[in-house]
Structures are given as C-alpha cells and as structure tokens.
Amino acid sequence: MGGSRSGGPEPRDRGDGAEPRDQGGGAEPRDRTDEHIVRWTRILPDLDPDIEGSVTRMVRFVEHIRRVKDRSLVEYDLHRHEYDTLQALGGRHGTAAPSELAADLGMPPNSVTGRLDALERRGFVRRTPSATDRRRVQVELTDEGRAAWLGAMGGVGHEEYRLLGGLTADERRTLADLLRRVMVRAEQEARES
1440 MGGSRSGGPE PRDRGDGAEP RDQGGGAEPR DRTDEHIVRW TRILPDLDPD
1490 IEGSVTRMVR FVEHIRRVKD RSLVEYDLHR HEYDTLQALG GRHGTAAPSE
1540 LAADLGMPPN SVTGRLDALE RRGFVRRTPS ATDRRRVQVE LTDEGRAAWL
1590 GAMGGVGHEE YRLLGGLTAD ERRTLADLLR RVMVRAEQEA RES
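Take 1440 as the starting number for the sequence shown in my numbering and just add one per residue.
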C-alpha cells in the first residue's frame, strides 16, 4: 500500500466512499484498484484514495508491462540481461565501447564482458577494433541482434500503445506531464540523499 497517512497534505473527502468518479457519462468502469481502495479506506479512513489509487495503479501498470515483456523475451529466446544489453547498444545507434554500455547499464566495466561474450556467441553482437585506438574495441549490433531486440521490444510497445491508446493525445500528454512532476520530486530526493 502506498497511501498517505502522515507527512502529506490533509486527505480530501471526495464524499463518494472512495468510489470512482463519474465523468458525466455514467459510472466509470471499475478496476481491481477500486476494490482495493474501498477495502482500505474502511480500515484507514484518513487514507487519501487519490494517492492510493494513483500509486497502486502505477505499480500494477508496471507489473503488467513486465509480464508482457517477460512473455516477449520468451518468444524471442532472450534473457532479460541480454535484452537490456541489446537495448543499451541500440540506444547508441548500434555501436558503443564496452565501457559506454557498462555505464548505460549501471555495471562495472569488467562485468559487461561476460554479457558481450554470450551475445557474440549467439551472433547478436560483434566486437571490432576501434578505428582510433587499436587497444580498444567497439561493440556493434548485428542484424540478428537488432531483429531479436526489436522483436521483443515490439511486443511491449504494442501493449503500451494498446493501453494508452484509450486516452486522447491531450490526456496522454497530461499523464506524461503529471508523472514527470512526480518523478522530478523522487529523483531530487534521491540526489539529495
């Protein structure tokens, strides 16, 4: 549960027993989180249903996308760490130094070597000497690696578009803006600690 019991603004009484809001066209469809809120506001009356609902839905959304990603990885015979490495390489236009990949993945540089060895054996990446410094190597995404990465990513992307396609463009922009404001606060606190 992620609701606010202390340290935040006073909870707002919506006057509706934590039921979903009516947007003018009848009752809004209910999701599992609505039942969660009803149950917990009976136990914790000062629980802010908007905070609880937002946090619970964000967690459940991420869990849903993670399940879709896991199915997509199985379909493309990729482990999560392989996908993450291919994506980091794809995010650098298909070519990077191992140290750059390690930084992108938040790993020590020597830890990425084993990942690259395995991906190279599968034909997903190739290592070539750097054109500017023969002591260094560049990692390149192969056509096979790009196909596996994009295929796995496509399943997740399709589901993201399917779910968020239920919102208008303005609603998606508003959602993105609101989530950015929340994350700026979270990231600021992380930097300060």
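Just so you know, even glycine gets a beta-carbon here, dropped at the ideal spot from N, CA and C.
With burial defined as no fewer than 16 other Cβ atoms inside 10 Å of the residue's Cβ, what is the status of residue i: buried or exposed?
i, result
"G1562", "exposed"
"G1553", "exposed"
"D1461", "Summary for D1461: the model assigns pLDDT 47, below 50, so the residue's position carries little reliability, and this model does not support an answer."
"T1495", "buried"
"E1610", "exposed"
"L1606", "exposed"
"T1480", "buried"
"S1569", "exposed"
"P1547", "exposed"
"D1487", "buried"
"T1524", "buried"
"I1476", "buried"
"L1540", "buried"
"S1538", "exposed"
"E1474", "exposed"
"S1550", "exposed"
"R1626", "Residue identity differs from the one stated: residue 1626 is Glu in this sequence, not Arg. When all chains shown are included, E1626 counts as exposed."
Helix, strand or coil: how does DSSP classify residue i here?
i, result
"A1466", "coil"
"L1486", "coil"
"T1607", "coil"
"D1461", "Because D1461 sits at a pLDDT of 47, beneath the cut-off of 50, its placement in the model cannot be relied upon, and the following sentence gives the value as read from the coordinates. Coil, per DSSP."
"S1632", "coil"
Following a CB-centred definition, is residue i positioned closer than 7 Å to any heavy atom of the ligand SAH?
i, result
"V1564", "The ligand SAH is absent from the structure shown, which contains no ligands of any kind."
- Message: Threshold first: 3 residues or longer. Then list the beta strand (DSSP E) segments lying entirely within the stretch 1541-1580, N to C.
- Response: Complete beta strand (DSSP E) runs here, min 3: 1564-1568, 1576-1580.
- Message: Please give me, in chain order, every unbroken run of the alpha helix (DSSP H) with length at least 4 that falls completely inside the stretch 1493-1548.
- Response: 1519-1529, 1537-1544
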